[in-house]
Each structure stands twice: as structure tokens, then as C-alpha cells.
Amino acid sequence: MENKSKFLLRLYFISTILLVFGIGIGYKLFYLQFVEGDKYRKIAEDKTLKNFVVNSVRGNIFSDDGSLLATSTTKYDIFFDSKTVANNVFESELMELSEQLSKYSDKDNQYWYEYLNNGKRENKRYLPLLKNISRDKVEKIKNFPILKYGSIKGGLIVESKIKREYPLGKVAERTIGYERVDDNGNYRGVGLEHAYGKFLRGKNGNMIKRKISNGQWKVLDNDLNKDPINGLDINTTINTYMQDIVHDYLLEQTEKFEADHSTAILMEVNTGKIKAISNFGRTENGKYYEKLNYGIGELMEPGSTFKLMTMIAALEDQVIDTLKLIDTENGVVDFYGYKVRDSRKGGYGKINAMDIFRLSSNTGMVKIISEAYNGKSEKFVNRLYNMGINNSVDMLIKGEPKPKIPHPSDSNWNGLSLPWMSYGYGILLTPLQILSFYNAVANEGEMLKPTFLESTNKFGSSNKNQEFKKSVLNPSICSKNTLETVQQMLYDVINHENGTAKNIRSKNVKIAGKTGTAQVGYGTDQVDYISTFVGYFPANNPKYSCIVVVHKPNKKIGYYGSDVAAPVFKRIAEKISSRFPEIEEYNFSEILEKIKLTETNSKVITKNNLDS
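Numbering (our numbering), first residue to last: 23 to 634.
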């Protein structure tokens with residue numbers, strides 16, 4: 023009886039423990055199921071469900087002739103998981119795999135043999151093999167020794183990515199540019215890629231996937247899945263034929279004169295479309311590449327190319343008698359202790375305004391402006407402002423600075439400011455801003471906003487989604503009479519026997535333009551030069567305007583704008599004219615007739631109407 027009681031006592035004790043334990047388990051199950059169920063279901067889902075971003079395809083960039091300037095292609099990287107490969111398979115097929123890999127790289131089979139062996143010894147699970155290869159090569163690699171057994175037994179890992187490619191290579195590299203996303207998700211970049219990024223980017227999609235066996239992911243049918251929207255293609259104004267010409271000729275001259283850097287821009291006169299642009303910067307070893315977009319982003323003193331703006335202002339204010347003789351004295355004029363000099367020793371004697379422009383006389387220009395606007399500098403500067411010279415051309419491409427045109431109200435304005443401005447010093451403009459003004463003269467006074475964008479298309483379609491029209495910055499920079507006078511002046515710079523750019527007179531195309539040779543570092547022991555030529559062609563029916571700027575050429579070789587920059591302009595004009603039949607050949611009898619008209623029929627405008 024006593025034993026039975028002890029047995030029952032033990033039974034009750036064990037039953038009680040089991041009951042408590044069961045209640046505890048039940049409570050825990052209840053708690054996990056109903057209290058913390060959502061939490062653990064979320065943890066499970068996070069491990070088995072994942073939202074994948076589906077990248078949109080960035081739009082293509084085309085030239086005006088349909089050539090690709092930038093495109094997105096799918097490339098593949100190959101990796102090797104050495105741990106998944108059986109030792110006997112690895113040892114028996116390693117040599118064959120090494121030989122195959124050597125055919126797809128610049129490394130020999132001995133390198134690959136040691137590289138793979140070391141990786142296997144260290145159990146590397148993500149060993150890089152090949153990068154940026156095409157789909158066709160991936161298919162061939164899948165049949166390589168060892169790798170042919172796939173991802174589970176052969177260690178093959180294939181990863182795809184979208185890579186941006188530029189078929190023109192280094193040509194117009196800085197202008198085409200790039201765009202990247204920084205750590206904060208902001209878009210950073212330069213050139214067309216960044217300027218028109220809003221068209222090119224598109225919109226990423228997303229896809230919900232569930233993790234299944236072997237680390238694979240299966241797409242779920244989910245309302246949250248969204249297809250990506252590919253970016254738009256953009257058609258630019260760049261012409262690959264013209265771009266090659268500008269690139270080659272500018273590079274050749276930059277190398278010849280051992281310059282620090284250079285730029286050249288070619289624009290269509292009646293649309294403002296930029297057809298070509300090249301920029302070269304010098305490396306420490308003397309090589310050149312598209313370092314920066316100097317044409318759009320670098321301010322410079324325009325030097326004598328600004329004499330066009332000065333002359334237009336004076337003609338509009340009716341303070342110039344184009345036939346009145348101006349004494350350039352001995353080629354040196356003193357202003358407040360500062361000597362203004364002509365490039366020709368001894369000066370040019372007594373010459374008129376047409377001669378002053380054609381010969382690019384600094385002393386003559388300074389004397390005209392200083393006398394005409396004596397005590398009335400503000401009127402001169404305001405005239406420049408009215409023409410729009412003080413405004414940027416509002417390029418979408420990042421980096422265009424605002425022009426710097428001094429005003430008499432500025433705190434640093436002094437007695438030298440006006441004479442200096444008259445021949446392009448104390449003023450800062452970019453090459454594109456200078457070109458835009460000259461283009462306006464070629465375009466009968468209408469100043470246009472330069473543009474790189476022709477139209478946009480839906481990705482992969484030839485149907486235009488949006489076409490961009492020309493944009494006018496200033497409908498008329500000056501009167502028709504003034505325009506005709508300065509057009510003749512620009513023509514004479516090349517076609518008159520005494521013009522500063524007579525060396526680029528061509529039998530194939532009529533050129534009008536202006537030379538510029540601006541000092542850099544004046545007042546110091548290290549004086550350098552900026553050599554410039556800017557103009558348009560053909561002179562009698564302008565189709566294209568162009569500027570060539572070469573910074574700091576080797577002075578021992580040459581530095582005048584007529585010697586350094588102008589020949590590049592001539593070669594560009596001649597090459598393009600040979601391609602397009604509407605650019606006619608010279609008629610030398612017409613040239614001679616125009617030269618005679620310049621000297622006999624220039625409009626006489628009294629300079630006594632300053633206050634009119």
C-alpha cells in the first residue's frame with residue numbers, strides 16, 4: 023500500500039510537471055502565433071522575399087546624322103566559386119581551363135593556372151575571372167572545362183550589368199560627358215549626359231521575388247511589381263563628320279604650338295545649333311586630351327576680338343566717322359601712365375576706322391572710344407549691355423559662367439577701364455559667348471541661344487517625341503546700317519591686302535572674321551598669349567560660324583592669332599565647304615570691288631551726336 027502511494031505521488035508529480043510544461047508550450051505557441059506572429063512572419067518574409075530594383079535602360083545619344091554618341095549595353099562579369107568544385111574535377115581540368123581563359127585575356131595560361139590554384143587552396147568563393155564581356159562570350163565560357171558543370175558543381179558565377187559606351191572614343195569626350203549617382207542619391211556629371219539627364223534616365227521599376235533552393239529567386243505575381251520606363255533617346259546637333267574635322271585640325275595645331283590648352287566650336291548660323299566642339303588640355307608629359315570644356319566654361323579676356331562689340335556700340339551711338347583719319351602716332355599712346363601699343367612698331371600713321379579694325383590697331387581704337395565717350399563711359403557700357411553681351415547664353419551644360427563686363431558704378435572702375443575695354447581687356451567672356459555674338463552678326467543681327475539638342479524620341483523609336491525649336495536671345499543687336507558696316511569690316515580682315523588675317527584667304531570659301539592676340543599675365547615677368555580667330559563662312563551667305571582659341575602657345579614658335587588660330591579656322595572652313603555644294607568658290611573680281619567700296623563709300627557718321 024505504501025509503495026502504491028509513493029508511485030501515485032510520483033505519477034502526480036510527473037504529470038503536474040508535464041502539464042505545466044505543456045501549458046508553457048501551449049502558451050508559447052499561442053504567444054508566437056497570435057501576439058508576435060506578425061513579427062516573426064515579417065522576419066521569415068524578409069529572408070525569403072525581397073524587392074529587387076529593375077533598372078531602366080538609359081536612352082541613347084545620337085548625332086544629327088544618326089550615329090551613336092552614347093549607348094547602354096549589357097555586359098557580364100565572370101566569377102569563380104572554388105569551394106563548390108570537387109578536388110578531382112579541379113585537378114584534372116585545371117590546365118585546360120587555364121588555356122581557355124588565356125584566349126580571352128592578356129594573361130598567359132601559366133598565370134591562370136597559378137591564380138586558380140591559389141584561389142582553390144584558399145577556398146575563394148568569389149574569384150574574379152573576366153569583366154565586361156559580351157553575351158556571346160558568356161555562352162562560350164559556359165562550355166569551358168570545370169565551368170561547364172554550372173554554378174553548383176562548376177563554381178560558375180555570371181553577373182550582368184548595364185555599361186555606358188561611347189563609340190566616338192575620345193572625340194568630344196568632355197562634351198558628351200557622363201552622369202553618375204553619388205552616395206546621397208544625387209545625380210552628378212558633365213556634358214550632354216548630365217545636361218539632358220532628365221530625358222535620358224527613365225524610371226526604375228521593381229520586382230518582388232521569393233528565395234527558393236540553391237540561392238535562386240523566383241518572381242512572384244504581385245500588384246507591387248512595376249515595369250521600368252526606359253529613358254528617351256536624344257538627337258543632338260553634333261555632326262560626326264564636322265566633329266572629326268574640328269577635332270583633328272585643332273589637335274594638330276595645339277600640338278604644333280605646344281599650347282597649354284585649346285578649344286574650337288562650330289555653330290550653324292541661322293539655328294544656333296552647335297555642330298562640333300573640341301577641347302584639349304596638356305598633360306605633364308606633353309600629351310593632350312579632353313580635359314575640360316574650355317569652350318563653354320572658361321572665361322578669358324577676348325582681346326582684339328572684342329573690337330567688333332566696341333565698333334558696333336560706337337556706330338550705334340553715332341560717334342564714329344568711318345572715313346575720318348585717326349593719328350595712331352608712333353604706335354604708342356599713353357593713358358594715366360599706362361602705354362597702349364600696336365603690334366606694329368612705329369604704328370600705322372593716320373588711318374580711318376575701317377583701317378583701324380582691319381589692321382587691329384589698339385591705339386586707334388582707344389583714341390576713338392576715349393575721345394567719343396570722355397566723361398560718358400556709362401553710355402558706352404550700357405550700349406554693350408543692351409546688345410546682351412553681359413548675359414550668359416544659358417546653356418544647359420553645366421559650368422557656363424556669367425560674363426564680366428565692368429560698369430562705371432563698380433568700385434574698381436578707374437581712368438584706364440574704358441580704354442582697356444575698347445580693345446578687349448578688363449572684360450571676361452567664354453569662347454561660346456564670343457562666338458554667339460559673332461554668329462548674330464552673321465545672322466543679320468539676331469542672337470540665338472546655342473543648343474546641342476535637336477529632338478527626343480521614345481527609346482528605340484525613330485518617331486520624334488519632342489522637337490526643339492531655335493531660341494532667340496536678342497532679336498536685333500544693332501541697326502541694319504551698322505550691321506552692314508561691321509560685316510564689311512570683318513570681310514576686309516581676311517580679304518583686304520592689309521588685313522591681319524590675309525594669310526587665310528582661300529580660293530574655296532569666303533571667310534569673314536577677326537583675329538585676337540590677348541596677353542596673359544601682363545604686368546608680370548611671365549607674359550603669355552591667347553591666340554584667337556572667330557568668324558563665319560561663306561562671308562556672302564553665312565552658313566557656319568566658328569571660334570578657335572589656343573591658350574599659351576610656345577612663344578618661340580608663334581603666338582599671333584593670325585598665325586596660330588586662324589589657320590585652323592581656314593582648314594575647317596575649306597574642308598566643310600568641299601562637302602557642301604552651296605558654299606561657293608571665290609569670285610576675286612567681286613572681292614576687289616568690295617575693297618574699293620570700303621574705301622570710297624563707307625558711311626560718314628559724325629561723332630557730334632553722342633547725346634542724341
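Where a beta carbon is used, it is the ideal one built from N, C-alpha and C, also for glycine. Quick caveat: nothing in here was measured; it's all calculated off a predicted structure.
Cβ-based burial, residue i [other Cβ within 10 Å; buried from 16]
i, result
"residue 176", "buried"
"residue 347", "exposed"
"residue 110", "exposed"
"residue 108", "exposed"
"residue 192", "exposed"
"residue 304", "buried"
"residue 577", "exposed"
"residue 255", "buried"
"residue 43", "exposed"
"residue 366", "exposed"
"residue 174", "exposed"
"residue 489", "exposed"
"residue 215", "buried"
"residue 557", "buried"
"residue 310", "buried"
"residue 142", "buried"
"residue 189", "exposed"
"residue 512", "buried"
"residue 355", "buried"
"residue 536", "buried"
"residue 422", "buried"
"residue 157", "exposed"
Residues sharing a beta bridge with residue i, DSSP
i, result
"residue 337", "Looking at the DSSP assignment, residue 337 forms no beta bridge with any residue, so it has no partner."
"residue 150", "101"
"residue 301", "285"
"residue 228", "75, 248"
"residue 155", "98"
"residue 572", "284, 553"
"residue 290", "566"
"residue 470", "494"
"residue 450", "426"
First and last residue of the uninterrupted beta strand (DSSP E) at residue i
i, result
"residue 551", "550-559"
"residue 490", "Careful: residue 490 lies outside any beta strand (DSSP E) and carries neither H nor E."
"residue 361", "360-363"
"residue 479", "475-479"
"residue 269", "Careful: residue 269 lies outside any beta strand (DSSP E), inside the alpha helix (DSSP H) at 262-278."
"residue 355", "354-357"
"residue 562", "From DSSP, residue 562 is part of no beta strand (DSSP E); its letter is neither H nor E."
"residue 258", "255-258"
Residue range of the alpha helix (DSSP H) that includes residue i
i, result
"residue 101", "Note, residue 101: premise wrong, no alpha helix (DSSP H); beta strand (DSSP E) at 90-102."
"residue 143", "131-143"
"residue 318", "316-319"
"residue 586", "583-586"
"residue 109", "109-124"
"residue 402", "399-409"
"residue 385", "384-394"
8 Å Cβ cutoff, residue i in contact with chain D
i, result
"residue 476", "Here there is only one protein chain, and chain D is not present."
Own chain residues within Cβ distance below 6 Å of residue i, not counting five before or after
i, result
"residue 226", "75, 77, 78, 250"
"residue 35", "none"
"residue 442", "448"
"residue 38", "none"
"residue 570", "286, 555, 587, 590, 591"
"residue 269", "193, 300"
Cβ-based neighbour list, residue i, same chain, cut-off 8 Å, excluding 5 preceding and 5 following
i, result
"residue 183", "96, 97, 98, 99"
"residue 440", "391, 392, 395, 399, 402"
"residue 543", "549, 550"
"residue 185", "94, 95, 96, 97, 154"
"residue 228", "73, 74, 75, 76, 246, 247, 248"
"residue 504", "334, 337, 338"
"residue 566", "288, 289, 290, 291, 297, 558, 559, 595, 598"
"residue 324", "446, 449, 451, 456, 538, 540, 554"
"residue 380", "511, 514, 515, 518, 520, 521, 522"
"residue 71", "230, 231, 232, 233, 242"
"residue 179", "100, 101, 102, 103, 148, 173"
"residue 601", "263"
Cβ-based neighbour list, residue i, same chain, cut-off 7 Å, excluding 5 preceding and 5 following
i, result
"residue 438", "357, 358, 360"
"residue 371", "350"
"residue 610", "Confidence in residue 610 is poor, its pLDDT being 38 and thus under 50, which makes the residue's placement unreliable; the coordinate value appears in the next sentence. There are no such residues."
"residue 199", "211, 212, 213, 214, 215, 216"
"residue 271", "590, 593, 594"
Contact test: residue i Cβ vs the ligand MN heavy atom, cutoff 7 Å
i, result
"residue 230", "Of the ligands one can find in the structure shown there are none, so the ligand MN has no counterpart to examine."
Query raised in the report: Which runs of the beta strand (DSSP E) fall wholly inside the stretch 170-215 and span at least 3 residues, in chain order?
Result: 178-187, 200-203, 209-212
Query raised in the report: Can you list, in chain order, the stretches of the beta strand (DSSP E) that have 3 or more residues and sit fully within the stretch 485-546?
Result: 486-489, 494-496, 534-542
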